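The structure appears below as structure tokens.
Below, the structure is given as structure tokens:
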């Protein structure tokens, strides 16, 4: 069935939606259209199309609800606080603003504050169900006498907002945000005031500080030095000693917290109470060598009194589980996302997340009988005949789905050497994208329009509120960008910035613009920087906060940025994609899947949710009550960027079992999507399910060719191996029965050598995908004879017919090795050829005791070894130097993989070598003796040897001499006890 994202059918929910954004600066060239490279976009909506809708003149003037202090440029949408600016239903104030740990709701007399710690559960254990931590006013923060007719927006930063109230005589500004346990207030025209539903329970009132409890939750209000607080009935007030600032903090306490601990926390928070947070800013960096993405979340504070710096911040699970360089305090907050942990006295914190790689498509692996290859070819013949976009709707979402399906088929056709089919598919993609990206193409029913008032790009025909509510832009445009990335691999001229590349970048800039200086679009529109995931609704005007249903379509957008950035050489876009991808992959595991079973309320009976709300989650969708769709909507589309769904394969089984239970049996719709998810945990079973039910109806964006390709190859490859990374963005490692397969794609015009973290290296030809440990059906995929960028004709380019049989023998994954003597070379690598100019390799300091356990090792590895043990023992000679530092010890481990499959049958760990504090190398050899060993040497067939070097003790870096020639001496070598 086709999706119908309309009003929610399930009980207890308000109403929902989905989202979008973009990336580059340019000036409009006319009143009606602007040219960008070979493409163009309109600046006037098609006749009869209305602007984004809301209260009053919001459709044409969203800035009517901001003050003069608000930043210039495009207004943000699709955020946790969007209903404050985009007044959709509440035409004066806003819907609840769910910030975590607190939630807020503006009213005429100030800011309502809520901290709900008990979940409200509804629905059933096997059907639709949801949980919420609903907003409930505990007190209102304001100014005496305030009666504002509305609340405006005085400013915003990456994850904070400052609402503003004024009644002509009194004003209030209150800064709130994700991860802030404080509300920072600025006032004029009256005393600070806290209003309660009844007399508050005050547990301390001393000078400028007052502590009170509401519903079992402890707060402290901090006035300026010299001020006092007065309690009268249901209000607490302070003249603020003539100043204009105060703050209120929520303490991470419970009713069982000892009074002394509560007082200690009040004192700690008080240290930072007047360091008001005035800016927040994220920055990110991709480290290819470690395949990690570091994200730094920085807080700028302004001292309202004194000269203090730092603040208190609260971290979501996806953040504190990846935190580096800091330790949270013991107390936590309750939230709809799970326990939030706190840092005190910080101006920033940094997360480090491992990036496990994506691929243009998973590789094709051999089928010894040829039967599965023939089956796949037959499915491909069916799917690739005719116009692959003919059956799809003409709006942006369904056009995107069709483009995505065609791109998957083109990748498979290329892997199989079926260039005629590939080029026909690419021509169809090129034709449709060119049409959409050219406003002057003569087909006015397919174009993008830039709305300068809203700072957004809207595609027409629109769908699911992508125009009137700015919903789902990242969903819709992610498919366009992903298809453009596939086309760019084969037709780089089309993707050039002076052709259609700049228009593709415009779609990126709209949905998730990584360029802060770009005034056409807001920064990262759809991605909630601090929450770690996208929001779908443009206005977010629901009682439960904003929402997102299809997290996987958000990941499709992130993967598209990585693929497009890599294909076009745009590292800024690629790295933005890497930041969104790694962060959201972890957020999905935490908040959609709760795969660690720590975040959902204990009484919520489901192991997954179909959508996340600001204040909770729902086992539901906007369009169906079928369990297949509730769970499948967070799996589709299945692409080479879907591998994150297999990071925790045991959870895939848990998710599948819940589906079968709730459905009363195996899936009967969307089987292909669900089997593809199942295959990331158990490929053999998923493939068997396909074979037993091959008459199923494919999901609209899928094809039997792609599903069979995915299932058949994962059955052979196994699960995603998260223990190994690589120094390139396009890679993956799979493991089955202890044997690893290494995969990498190279979109450049030159060969690429990829180094994996376990020392394995893989040389990838220009424009190809290469694998080890598995046979490819035809050629590994990639660019071969790319089509020209000329406009497509009605006939696909001619090509040589592909072979109908798999190759008779697998291509070698490494050249054969003809010596048992290896030299340590840069890379790092082992080579039978000595270097020509000596250098050094730095080995990181231990900063601890790692005797016997590799810690940040430098790994040297080579493969392609065939031979038998010769009765000798491993020998090595490493020329090492600790310079003039004392207390250093360097250690070596040598491992033998007899078949090259990734399983080491013999491992030898040698005692560490205590270096002297004298500049100059020393010789570290096997004579130090074995510290431990396991396994026995055996014959090698295309096997591998690995050398790991690390510092076992000491607080300084050391070096190993490498790349030395015989002439310059002191060569670092390894001799293996084999006759080869």
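Numbering (mature numbering (1 follows the signal peptide of the UniProt record, and there is no 0)), first residue to last: -33 to -1, 1 to 947.
Where a beta carbon is used, it is the ideal one built from N, C-alpha and C, also for glycine.
A quick note: this is a predicted structure, and the numbers were derived from the prediction, not measured.
Thinking residue i and residue j are a contact (beta carbons under 8 Å), I'd like their distance in whole angstroms, please.
i	j	result
residue 77	residue 34	That belief does not hold up - the Cβ atoms of residue 77 and residue 34 are roughly 17 Å apart, past 8 Å.
residue 367	residue 494	Not a contact, Cβ separation roughly 18 Å.
residue 878	residue 725	Wrong, their Cβ atoms sit about 23 Å apart, outside the cutoff.
residue 115	residue 75	5 Å
residue 558	residue 573	Not really, about 13 Å apart at Cβ, beyond 8 Å.
residue 940	residue 789	7 Å
residue 819	residue 899	6 Å
residue 588	residue 577	5 Å
residue 214	residue 264	20 Å between Cβ atoms; not a contact.
residue 281	residue 146	5 Å
residue 946	residue 837	5 Å
residue 799	residue 911	Going by Cβ atoms, the distance from residue 799 to residue 911 rounds to 14 Å, so no, they are not a contact pair.
residue 59	residue 117	4 Å
residue 468	residue 535	6 Å
Could you name the residues of the same chain whose beta carbon sits closer than 6 Å to that of residue i, not counting the 5 residues immediately before and after it, in chain order?
i	result
residue 84	301
residue 630	594
residue 212	153 and 271
residue 954	Limits of the chain in this structure are -33 at one end and 947 at the other, which puts residue 954 out of reach.
residue 853	884
residue 21	53, 54 and 55
residue 216	148, 149, 187 and 236
residue 36	121 and 122
residue 246	124 and 267
residue 673	375
residue 491	479
Is it true that the CB of residue j sits closer than 8 Å to the CB of residue i?
i	j	result
residue 566	residue 148	no
residue 841	residue 875	yes
residue 303	residue 100	yes
residue 428	residue 362	yes
residue 600	residue 516	yes
residue 277	residue 236	no
residue 432	residue 46	no
residue 948	residue 835	No information on residue 948 is available, as it lies outside the stretch -33 to 947 that the chain covers here.
residue 713	residue 831	no
residue 603	residue 640	yes
residue 958	residue 538	Shown here, the chain extends from -33 to 947; a query on residue 958 therefore has no answer.
residue 993	residue 385	Because the chain is modelled from -33 through 947, residue 993 falls outside the range shown and cannot be assessed.
residue 626	residue 653	no
residue 562	residue 611	no
residue 131	residue 323	no
residue 193	residue 175	yes
If I measure Cβ to Cβ from residue i and keep anything under 8 Å in the same chain, skipping five residues before and after, which residues do I get?
i	result
residue 568	86, 88 and 98
residue 768	With a pLDDT of only 27 at residue 768, under the threshold of 50, the placement of this residue in the model should not be trusted; the figure read from the coordinates follows. Result list for residue 768: 387, in chain order.
residue 167	106, 161, 179, 180, 181, 198, 201 and 203
residue -20	Reliability of the predicted coordinates at residue -20 is poor, the pLDDT of 30 falling under 50, and no value is obtained from them.
residue 897	875, 876, 877 and 878
Just to confirm my understanding: we take residue i, look at its own chain, exclude 5 residues before and 5 after, and list those with CB closer than 7 Å. What are they?
i	result
residue 111	157, 158, 160 and 204
residue 395	354, 355, 356 and 373
residue 938	790, 801 and 931
residue 185	178, 218, 220 and 229
residue 253	260, 542 and 545
*In the stretch 824 to 892, which residue ranges form an unbroken beta strand (DSSP E) of at least 3 residues, counting only runs that do not cross its ends?*
825 to 836, 842 to 848, 856 to 864, 873 to 877 and 889 to 892
*Looking at C-beta atoms only, is the number of pairs between the stretch 846 to 862 and the stretch 806 to 825 that lie closer than 8 Å three or more?*
yes
*Taking the runs of the beta strand (DSSP E) that are 3 residues or longer, which of them lie wholly in the stretch 576 to 652?*
578 to 580 and 583 to 586
*Does the count of Cβ pairs from the stretch 7 to 18 and the stretch 391 to 406 closer than 8 Å reach three?*
yes
*Would you mind listing the beta strand (DSSP E) stretches within the stretch 271 to 355 that are 3+ residues and don't spill past its ends, in chain order?*
278 to 282, 307 to 313 and 315 to 321
_With three or more C-beta pairs closer than 8 Å as the rule, is the stretch 892 to 911 touching the stretch 688 to 707?_
no
*How do the stretch 806 to 818 and the stretch 923 to 941 stand: do at least 3 beta-carbon pairs fall below 8 Å, yes or no?*
yes
*Please determine if the stretch 464 to 483 and the stretch 227 to 243 are in contact, where contact requires at least 3 C-beta pairs separated by less than 8 Å.*
no
*Entirely within the stretch 660 to 710 and at least 4 residues each: give me those alpha helix (DSSP H) ranges in chain order.*
671 to 684
*Should the stretch 282 to 298 be called in touch with the stretch 632 to 643, which here means at least 3 C-beta pairs below 8 Å?*
no
_Residue ranges of each alpha helix (DSSP H) within the stretch 455 to 523, 4 or longer_ = 459 to 462 and 469 to 479
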